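K.L.:
Handing you a structure now.
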C-alpha cells in the first residue's frame, strides 16, 4: 500500500506548529504560538533567577543553576529556527520535493525505510523526554502523599518540581505552584522536542538520499557490465554515461543539503554544547550531594540520564551522517568498476574524491558530533564535576 510522505512527518509537523516553527504556518498563527512558548520559558527563567537572590550558600546556587541552564537552552533552540527561516524552509521543502525525483520502486523503498525509521526515532525521543519530565516534576508530590499515608508529628519539607522562588508562602500555595511548574516544564520541553526531532528528520532524510545515491552508482556500474553480455541492447557506453550523470547530480545535491544543514545549526550547537556540558557537571554535583536523600537522588539521576540521552541522540545522528557520506566511496570501490574502460573510470574517481572527507555536524566548526566525541564530552563533564565538587 502506497503511503503519502506526509505520514512520515506528521508528528514533527504537529510539534513545530505548537511552538510556531513550522515553515508553512500562517504568520500570525506562528507568532502567537512562538510568543506563547517563550512566555512559559520566561516564567521558568524569572522564578529561577529570583531564587538566586534568596540563596545564602553555594549549594543553593548549584541546585538552582542546573535547571536554569536547561531553561536557557530552550530560547537558543527556538531562535535557531527564527534566525535561519530561509534555510529551514529550504531543507523542509526537500523533505517533500526529493520524493518526486526518485526513479524506481527500489529507490522509493529506500526512502520509505529511512522515513519510517525517522518517525520511530521521533516518537521514542519525544516519549522519553516527556516521561522523564513528568517523573522529575511529580516526585515533588511524594512528601505530601507520605504525609497522608504515613503522617509524622511535623509535615515533611516541601519539595518543588524544580528550584524556584514565587514570592508567596510555598506551603499555602503549594498545589498552585506545582501546577504552574508542570505546565511550564511541559511547554518548554515541547519547544525542545520540536527543535530536536526536526533536526533528526533532516539528518535521516539526507542519510536516505546518500543511500539512494549509493544504489544509483551501484546500479549504473553493474548495469553497464550486464549490458556488455547481452545482445540487441542500447549502447553500454551511452547507458553508463546517462546513469552516472544522474547519480553525480544526485550526489552533489545531497552534499549541498548536508552543507546547508551544518551551516544552519553549527553556531547554535556551539552554544548548546557549552550549556549542556555545564549542566551535566552541575547535575553530577547535585546528585553526589543528595545521595543521602533517596527522593532527591532519584530526581537528579533521572535528570542526568535525560541529559545524557539528549546528547547521545545528537551524537548518534552525527555519526550516522558521517558513516553514510563515507559509504558512497566504499560502495563504488566494491562495485564492478574494473569492467569499465580506464578513461571512463575518471567519472567515478571524482565522486570518490568528494566522498573521502566525511560530512559532519559540528558545534562551531570545532566539535564534531559523533559517538567517539560523545565520550569526550562525558569525560569533560566528569572533570568539571570533580573541580566543582571541591567548592561544595
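Residue numbers (our numbering): 8 to 399. Yeah, the Cβ is synthetic: ideal placement off N, Cα and C, and Gly gets one too. Just so it is clear, the structure is predicted and the values come from calculations on it, not from any experiment.
1) Using the beta-carbon count (16 or more within 10 Å), is residue 164 buried or exposed?
2) Report the rounded CA-to-CA distance for residue 198 versus residue 309, giving the unit in angstroms.
3) Could you give the distance in angstroms between the alpha-carbon of residue 69 and the alpha-carbon of residue 398?
4) Consult DSSP for residue 367 and reduce its assignment to one of helix, strand or coil.
5) Please say whether residue 26 and residue 117 have beta carbons closer to each other than 9 Å?
6) Could you tell me the alpha carbon to alpha carbon distance between residue 105 and residue 97, rounded to whole angstroms?
7) Label residue 29 either buried or exposed according to how many other C-beta atoms from any shown protein chain fall within 10 Å of its C-beta, with 16 as the threshold for buried.
8) Under the three-state reduction of DSSP, which class applies to residue 374: helix, strand or coil?
9) Taking the CB atoms as reference points, tell me whether residue 272 and residue 146 lie closer together than 9 Å.
10) Mapping DSSP to helix, strand and coil, what is residue 37?
11) Please classify residue 205: is it buried, with 16 or more other beta-carbons within 10 angstroms of its beta-carbon, or exposed?
12) Can you check whether the CB of residue 332 is closer than 9 Å to the CB of residue 262?
13) Measure how close the beta-carbons of residue 225 and residue 330 come, nearest whole angstrom, since I'm counting them as under 8 Å.
14) Which same chain residues, not among the five before or five after residue 172, have their C-beta less than 7 Å away from its C-beta?
15) Using 8 Å as the threshold, is the stretch 128–146 in touch with the stretch 202–219, meaning 3 or more CB pairs across them?
16) List the whole-angstrom C-beta distance separating residue 395 from residue 366, where the pair is believed to meet the contact cut-off of C-beta under 8 Å.
17) Closer than 8 Å to a non-hydrogen atom of the ligand SAM - does that hold for the CB of residue 70?
18) Which residue marks the beginning of the alpha helix (DSSP H) containing residue 118, and which one marks its end?
19) Can you check whether the CB of residue 179 is closer than 9 Å to the CB of residue 15?
20) Could you compute how far the alpha carbon of residue 12 sits from the alpha carbon of residue 181?
21) Where residue 109 and residue 304 are concerned, what is the direct C-alpha to C-alpha distance, given to the nearest angstrom?
22) Does DSSP put residue 98 in a helix, in a strand, or in coil?
23) Taking 8 Å as the cut-off, does the stretch 312–320 touch the stretch 133–147 (at least 3 CB pairs, one atom from each stretch)?
24) Quick check: what's the CA-CA separation for residue 384 versus residue 372?
25) Taking Cβ to Cβ, would you say residue 83 is nearer than 9 Å to residue 286?
26) Would you kindly work out how many angstroms separate the C-alpha atoms of residue 162 and residue 194, rounded to a whole number?
27) Which residues in the same chain have their Cβ closer than 6 Å to the Cβ of residue 254, if we skip the five residues on either side of it in sequence?
28) So residue 192 packs on residue 140, CB below 8 Å; how close in whole Å?
29) If you drop the 5 nearest sequence neighbours on each side, which residues of the same chain put their C-beta closer than 8 Å to that of residue 167?
30) For residue 284 and residue 34, I'd like the C-alpha separation in whole angstroms.
31) Residue 248 and residue 354: beta carbons closer than 9 Å?
32) Alpha carbon to alpha carbon, how far is residue 102 from residue 17? Give it in angstroms, no decimals.
33) Going by the beta-carbon positions, is the gap between residue 213 and residue 22 smaller than 9 Å?
34) Would residue 368 and residue 269 be called neighbours here (beta carbons separated by less than 9 Å)?
35) Here's the rule I'm using: 16 or more other beta-carbon atoms within 10 Å means buried, otherwise exposed. How should residue 393 be labelled?
36) Kindly indicate which residue of 113, 190, 144 and 99 has the alpha-carbon position closest to the one of residue 49.
P.N.:
Concretely, from the data shown:
1) exposed
2) 20 Å
3) 10 Å
4) coil
5) no
6) 12 Å
7) buried
8) strand
9) no
10) helix
11) buried
12) yes
13) Actually they are not in contact, since the Cβ atoms of residue 225 and residue 330 sit about 17 Å apart, beyond 8 Å.
14) 54, 57, 58 and 61
15) yes
16) So it is not a contact: roughly 36 Å between Cβ atoms.
17) Absence of the ligand SAM from the depicted structure is noted, as is the absence of any ligand whatsoever, leaving it without description.
18) 112–145
19) no
20) 46 Å
21) 52 Å
22) helix
23) yes
24) 16 Å
25) no
26) 31 Å
27) 223, 224 and 227
28) 5 Å
29) 147, 177, 184, 185 and 188
30) 35 Å
31) yes
32) 12 Å
33) no
34) yes
35) exposed
36) 190
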